[in-house]
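Written out below as structure tokens is the structure these notes cover.
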Amino acid sequence: MALSAKSLKVGDAHTARLVEDLKRTQIVQYAGASGDYNPLHTDEIFTTQVAGYPSVFAHGMLTMGMTGKMLTDYVGDARLTKYGVRFTSQVWPGDTLDATATLKAITEKDGAKIAEFDVKTVNQAGVEVLSGYAEARVDD
Amino acid sequence: MATKTFPVEASHILMFARSVGDDNRVYSDAEYAKGTEAGGILAPPTFAQASAQFDPDYGLRPKIGQPWFGSGKNATGITRAPGGGGGGGGGGGLHAEQHFEYHRPMRAGDVLTATTTPGKTWEKEGKRSGKLVFSESVTEYRDQKGELVITARGVGVRTERPVEQPAEKA
């Protein structure tokens, strides 16, 4: 189900819980599906003893992927026209993440209404882990 | 400039959607997907990243018969991490930014050609990790007709030392 421009106002915010108590196994699952086998995400021994981090941590793209579900659940399938992020803090096993899309503007492009959102994902401590934007085609 | 062929397959989409915790049936159920606005199985918005599976030179996948920098008998298989490809940062690097522009939906059955060109590089002094070296790459995914499906821009960063953690994680 797609959004309609008439029912949206600037400042509207949509929040969804992405994951509760992120498991190492989900990070392994993402490594396998995406093909990014960087040991920093799945190999505790390498990550603590060689790379110098307190534990393995999630791929930034896993956080972007989970945040993408919040967006597509909200704007509808095949409606995104742009989606971009910066990874602002690492995501660790055990983290709980919430993502929010906030409507910034509705514009028109090639006769279609485009909703522009700020996108932000935070962890259980309120620390921002992802910050970005999305644009989606919406109905009139 | 590097080019690779990226076959977009339904079973790969299913596995990828599961891994990001997305149970939307448009990614897994062909019958259901047919009845939606999408008209068939779609790829989730960040799926283009999984094209790494089809990059023969991708630096963050162990290669048969070659040394790998992850742990085995020792904490690392080799003393120096190999340089990684793609926007995801290499060994020792981290992913700083990712941007997608969607020109049309990516669907199961598409066979895309991905062409990657290096972008800018720049440096910055970071508070939590010393000198940061950023590098950008842009990948265009085109379909069999040569039409643009997705433009992806990735920024990787190499840090001088591991990123310092907030007190709660120390």
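From first to last, the protein sequence lines are chains S and E. Using the numbering used here, read the first sequence as starting at 41 and increasing by one per residue. Using the numbering used here, read the second sequence as starting at 121 and increasing by one per residue. Glycine is no exception: its CB is placed at the ideal position from the N, C-alpha and C atoms. This one's a predicted model, so the numbers in the text were calculated from it and none came from an experiment.
Cβ-based neighbour list, residue i, same chain, cut-off 8 Å, excluding 5 preceding and 5 following
i               : result
E243 of chain E : K251, L252, V253, F254
A53 of chain S  : T140, A141, T142, L143
L170 of chain S : G100, T103, M104, T107, V125, R126, F127, T128, A139, V159, K160, T161
G197 of chain E : P187, W188, F189, G190, S191
T241 of chain E : V253, F254, S255, E256
M121 of chain E : T235, T236, T237
Rounded straight-line distance, which links the Cα of residue j to that of residue i
i               : j               : result
T136 of chain S : H132 of chain E : 26 Å
V96 of chain S  : D180 of chain S : 45 Å
R257 of chain E : V275 of chain E : First, the amino acid is wrong: residue 257 of chain E is Ser here, not Arg. Answer to the nearest angstrom: the Cα atoms are 7 Å apart.
I161 of chain E : A228 of chain E : 6 Å
P164 of chain E : G105 of chain S : 8 Å
V283 of chain E : Y93 of chain S  : 8 Å
D149 of chain E : W188 of chain E : 37 Å
Y114 of chain S : K247 of chain E : 36 Å
K125 of chain S : H219 of chain E : Rather than Lys, the amino acid found at residue 125 of chain S in this sequence is Val. Going by the C-alpha atoms only, they are around 6 Å apart.
K122 of chain S : T233 of chain E : 20 Å
D230 of chain E : P127 of chain E : 6 Å
V59 of chain S  : G141 of chain E : 8 Å
R273 of chain E : E260 of chain E : 9 Å
R224 of chain E : K149 of chain S : 15 Å
K160 of chain S : Y173 of chain S : 8 Å
L48 of chain S  : Q89 of chain S  : 50 Å
V269 of chain E : Y70 of chain S  : 23 Å
Q285 of chain E : Q169 of chain E : 27 Å
T182 of chain S : R281 of chain E : Given that chain S is displayed from residue 41 to residue 180, the structure contains no residue 182 of chain S and the question cannot be resolved.
T86 of chain E  : A145 of chain S : Since the first residue of chain E shown is 121 and the last is 290, residue 86 of chain E is not available in this structure.
G159 of chain E : R64 of chain S  : 35 Å
V167 of chain S : Q264 of chain E : 43 Å
Y222 of chain E : R262 of chain E : 11 Å
K154 of chain E : A130 of chain E : 13 Å
K183 of chain E : T147 of chain S : 47 Å
Residue i classed as buried or exposed, judged by whether at least 16 other C-beta atoms fall within 10 angstroms
i               : result
K109 of chain S : buried
T107 of chain S : buried
S44 of chain S  : exposed
V50 of chain S  : exposed
Y152 of chain E : exposed
E217 of chain E : buried
D143 of chain E : exposed
N194 of chain E : exposed
S129 of chain S : buried
L62 of chain S  : buried
I67 of chain S  : buried
G213 of chain E : buried
A165 of chain S : exposed
T166 of chain E : buried
T34 of chain S  : This structure cannot speak to residue 34 of chain S, because chain S is shown only from 41 to 180.
G116 of chain S : buried
Where the beta strand (DSSP E) through residue i begins and ends
i               : result
A269 of chain E : Sequence check: residue 269 of chain E is Val here, not Ala. First-last of the beta strand (DSSP E) with V269 of chain E: 268-279.
F254 of chain E : 250-262
A234 of chain E : 231-246
A42 of chain S  : Run containing A42 of chain S: none; DSSP gives neither H nor E here.
A228 of chain E : Note, A228 of chain E: premise wrong, no beta strand (DSSP E); not H, not E.
A118 of chain S : Counting along the chain, A118 of chain S falls outside any beta strand (DSSP E), and DSSP gives it neither H nor E.
V178 of chain S : 168-178
K56 of chain S  : Looking at the sequence provided, one finds Ala at residue 56 of chain S rather than Lys. 53-59 is the span of the beta strand (DSSP E), which, as asked, contains A56 of chain S.
Cβ-based neighbour list, residue i, same chain, cut-off 6 Å, excluding 5 preceding and 5 following
i               : result
G208 of chain E : Reliability fails at G208 of chain E, whose pLDDT of 34 lies under 50, so the model's placement of it is uncertain and the value that follows must be treated cautiously. So the list reads H215, once near-sequence residues are dropped.
P79 of chain S  : F86
A119 of chain S : A small fix is needed here, since residue 119 of chain S is Arg in this sequence, not Ala. Once the five neighbours on either side are set aside, the close Cβ partners of R119 of chain S are A42, A176, R177.
T156 of chain E : V146
P238 of chain E : S257
A98 of chain S  : I67, V131
Unbroken alpha helix (DSSP H) run spanning residue i, endpoints
i               : result
Q66 of chain S  : 64-74
L111 of chain S : 100-115
H132 of chain E : 130-139
A153 of chain E : 150-154
Contact set for residue i: own chain, Cβ-Cβ below 7 Å, skip 5 residues either direction
i              : result
A91 of chain S : L80
Taking 8 Å as the cut-off, does the region 66-84 of chain S touch the region 153-166 of chain S (at least 3 CB pairs, one atom from each stretch)?
no
If we count Cβ pairs, one from each stretch, closer than 8 Å, do we get three or more for the region 133-140 of chain E versus the region 171-178 of chain E?
no
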